[in-house]
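Heads up: the structure comes next, in structure tokens.
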Amino acid sequence: MFIKFLAFLTLATIMNNEFTQAIDKAAREAVDYWHNYYRTELAAGRVKNYNGKLMPKAKDMKKMKFSMELEKSAQAWADKCTYSHSDPGGNYGESFFATTKYENDSYAIQRSITAWWAELPAKGAVLPEPGQDCVPFNGPQNSRGIGHWTQLAWWETNQVGCGIGRCNKYKTICCLSLQKTVINI
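Residues -22 to -1, 1 to 163 in mature numbering (1 follows the signal peptide of the UniProt record, and there is no 0) are what the sequence shown spells out, letter by letter.
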């Protein structure tokens, strides 16, 4: 009887997606690699805005490092298998993506980060006002639809953690990073 109960409990948990499987080492390395790849391109002034002009070079772009603490929070949200952002509050910014459940985790991470980065050439960023050296993330920037891109591009952010929800028909990717108010370039 006890074995039947354990089998039922295991099946119910799997069907409700209430299990947590953290991302593996290769996926963590993909998070680091792709975040830093795009940030390096921006820092070097090789990234185009939606108008085809290059974004200004960054003066002091920090290297991103994977945070297990942020992963834990991101994983908790991704495991809910909701196709929406959470309300992380605090000093966290969040990027969210969904993809087919058949992609391996490293490729799913690459696709999500690439999609977030593609917001810039598709929708564009407001450039610094004359005499300013910071790309603002307030006012007009907030309504442009580049919120995921700004999570990747904030010069001062140096930690990121991601989780992957393994849902019935798809995967959810949630990445958290420390939130700032301007992109300093």
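Note that CB positions come from ideal geometry on N, CA and C, so glycine has one too. Note that the structure is predicted; figures quoted are calculated from it, not measured.
- Here the alpha carbon of ILE124 sits roughly 7 Å from the alpha carbon of ALA103.
- For the pair of segments examined, the segment 48 to 56 was found not to touch the segment 32 to 39: the number of CB pairs separated by less than 8 Å stays below three.
- Contact between the segment 67 to 77 and the segment 142 to 154 is present: 3 or more CB-CB pairs across the two stretches fall below 8 Å.
- At the C-beta level, ASP83 and ALA5 come within 8 Å of one another.
- In terms of CA proximity to ALA21, ALA131 leads the group ALA131, LYS3, ASN29, GLN137.
- Taking the C-beta atoms as reference points, THR77 is found no nearer than 8 Å to SER64.
- Take GLN129, set aside five residues on each side of it, and the residues of its chain with a beta-carbon closer than 6 Å to its own are GLY71, SER73, SER155, in chain order.
- Here the alpha carbon of TYR16 sits roughly 29 Å from the alpha carbon of LYS147.
- Judged by DSSP in its simplified three-state form, THR77 adopts strand.
- Counting every other CB atom within 10 Å of its CB across the protein chains shown gives MET33 a total of 16 or more, marking it as buried.
- Exposed is the label assigned to SER62, since fewer than 16 other Cβ atoms lie within 10 Å of its Cβ.
- Taking C-alpha positions only, ASN29 is separated from GLY109 by approximately 21 Å.
- Beta-bridge analysis with DSSP links LEU32 to LYS26.
- Listed in chain order, the non-local C-beta contacts of ARG24 below 8 Å within the same chain comprise LEU32, local neighbours out to five positions each way being set aside.
- With a cutoff of 8 Å on beta-carbon distance, CYS145 and LYS79 are scored as near each other.
- Distance between TRP95 and GLU47, taken at the CA atoms: about 24 Å.
- Taking PHE44 as reference, the option from ASN27, ASP10, ALA86 with the minimal CA-CA separation is ASP10.
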